[in-house]
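Asks:
Numbering (the numbering used here), first residue to last: 7 to 471.
(1) Assuming residue 394 is part of the alpha helix (DSSP H), what are its boundary residues?
(2) Name the DSSP beta bridge partners of residue 183, please?
(3) Below 8 Å, can you find three or more Cβ-Cβ pairs linking the segment 287-299 to the segment 180-199?
(4) For the putative contact between residue 120 and residue 126, defined by C-beta atoms under 8 Å, what is the C-beta separation to the nearest angstrom?
(5) Excluding the 5 residues preceding and the 5 following residue 282 in the sequence, name in chain order all residues of the same chain whose CB lies nearer than 6 Å to its CB.
(6) Determine the burial state of residue 28: buried for a count of at least 16 other Cβ atoms within 10 Å of its Cβ, exposed for fewer.
(7) Identify the continuous alpha helix (DSSP H) that holds residue 76 and give its terminal residues.
(8) Starting from the Cα of residue 360, find the closest Cα among 352, 393, 351, 333 and give me that residue.
(9) Can you list, in chain order, the stretches of the beta strand (DSSP E) that have 3 or more residues and sit fully within the segment 180-229?
(10) Any beta-carbon of chain C closer than 8 Å to the one on residue 303?
(11) Candidates 115, 168, 157, 173: which alpha carbon is nearest residue 145's?
(12) Give me whichever residues DSSP pairs with residue 290 in a beta bridge.
(13) Which class does residue 98 belong to by DSSP, given the choice of helix, strand or coil?
(14) From what residue to what residue does the beta strand (DSSP E) around residue 358 run?
(15) Please identify the residue among 362, 56, 370, 377 whose C-alpha is closest to the C-alpha of residue 340.
(16) Beta carbon of residue 357, beta carbon of residue 379: below 8 Å?
(17) Return the CA-CA distance between residue 487 and residue 375, expressed in angstroms with no decimal places.
(18) Measuring straight from C-alpha to C-alpha, what distance separates residue 458 and residue 330?
(19) Throw me the rounded Cβ distance for the residue 153 and residue 122 pair, which I believe falls under 8 Å.
(20) Do you know how far the Cα of residue 222 is from the Cα of residue 47?
(21) To which residues does DSSP link residue 378 through a beta bridge?
(22) Could you work out which residue in 407, 65, 50 is closest to residue 95 when comparing CA atoms only?
(23) Given this structure, state the Cα-to-Cα distance separating residue 344 from residue 335, to the nearest angstrom.
Set out below in structure tokens:
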């Protein structure tokens with residue numbers, strides 16, 4: 007019987023009792039094979055409903071009590087309390103929570119994004135039913151970043167909250183947590199990339215299969231070992247701290263050296279010249295998302311930075327007869343996202359540039375007909391008869407019989423339309439590389455370094471005064 011009106015505490019107690027009785031009688035092996043999927047789906051719905059009720063109640067209790075009741079950490083309880091409070095001003099999201107349409111992780115991500123972009127509530131709730139957890143997290147991140155009225159202030163906040171903490175669990179296991187501005191994270195990931203791929207390749211050659219995080223762990227210590235026993239502590243970098251030992255008030259302006267891998271930045275030329283991006287302008291780091299222009303400027307002296315900017319050499323419409331992608335096209339591909347473009351695959355290991363339409367048939371190399379494929383999917387496409395179709399961001403993966411196996415969800419990769427040739431007059435900007443601006447920036451950097459050298463200041467570590 008469906009009851010109406012305000013929920014009484016005794017009803018919640020009765021619900022728990024009924025669930026306890028149901029759990030005690032549940033025998034997974036007694037469920038018919040044909041019914042397993044439905045039972046699991048119903049239990050998932052029940053979990054979301056219960057989690058939603060807990061989230062709704064969270065703002066009425068303290069985090070210590072909440073953490074104890076839910077068996078979570080106080081940090082997780084604080085996050086749930088924060089989400090619960092936000093839902094009071096987000097009726098559309100709150101309704102979805104009450105209906106059991108959102109998991110705890112989904113409602114956390116959506117509520118956070120809707121706080122910055124209230125008008126996106128409906129589209130994000132819909133996206134939750136269509137996108138994977140990772141895709142939804144990216145969509146929410148991009149939604150919030152695009153609605154940020156002051157990206158530089160946000161970056162400064164992330165800088166002030168930067169941290170790297172380590173601790174040991176009760177069994178002696180060592181753990182660490184690190185966070186900071188997104189552009190620093192991009193450089194961190196770039197520094198690990200080569201060692202990461204090396205570890206991955208070595209494991210495959212030996213027939214080992216481990217979690218990707220294990221390879222990143224090994225890669226991190228490979229990089230640290232290559233840099234020495236005390237990486238990052240030398241005379242060139244001593245200027246990062248103030249004379250009284252306190253941390254600098256804002257992010258350092260140098261790019262840092264050490265093991266370099268390319269960091270791809272896509273930015274409108276006008277924004278780069280002006281020093282900040284206006285609404286509708288682009289300033290993104292591949293794999294990170296939107297960042298303030300101030301995060302890009304310190305990276306420009308780095309030889310391993312590729313800046314993809316508006317105005318200049320039109321990459322999107324470059325066509326040539328060679329099988330190999332040009333340097334400009336490769337940079338554009340990297341800006342599009344360095345991961346396998348087969349829907350549902352997010353591998354970023356040992357990627358290969360593939361011609362969507364076989365080069366042997368077309369004898370043309372065009373940007374929107376190039377795609378990143380991991381070695382497994384490249385092998386399936388080349389030798390197994392599988393096919394990849396559709397433009398970037400709207401790919402379809404077909405089996406040898408032409409049946410669709412997977413399709414890109416909406417907005418899997420934001421900004422792909424900017425990286426694809428468009429008809430004249432369609433209103434979308436084309437992806438370009440401004441060679442003239444590059445030369446101007448390079449000249450300015452070299453002039454600045456010569457002036458600094460005349461005054462005896464050192465810049466070898468990338469940390470200019």
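Here a beta-carbon is modelled for each residue, glycine too, at the ideal position from N, C-alpha and C.
Replies: The answer reads as follows:
(1) Residue 394 -> not in any alpha helix (DSSP H); beta strand (DSSP E) instead, spanning 393-395.
(2) Under DSSP, residue 183 shares a beta bridge with 171.
(3) yes
(4) 6 Å
(5) 299
(6) exposed
(7) Where residue 76 is concerned, the enclosing alpha helix (DSSP H) stretches over 69-76.
(8) 393
(9) 180-185
(10) The displayed structure is made up of one protein chain only, and chain C is not part of it.
(11) 115
(12) According to the DSSP secondary-structure assignment, residue 290 is paired through a beta bridge with 272, 296.
(13) helix
(14) First-last of the beta strand (DSSP E) with residue 358: 358-361.
(15) 377
(16) yes
(17) Within the shown structure, residues of the chain are numbered from 7 to 471, placing residue 487 beyond reach of any answer.
(18) Its pLDDT being 45, under 50, residue 458 is placed unreliably in this model, and the value from its coordinates should be taken loosely. Straight-line Cα distance between these residues: approximately 41 Å.
(19) 4 Å
(20) 34 Å
(21) DSSP output for residue 378 lists 359 as bridge partner(s).
(22) 65
(23) 13 Å
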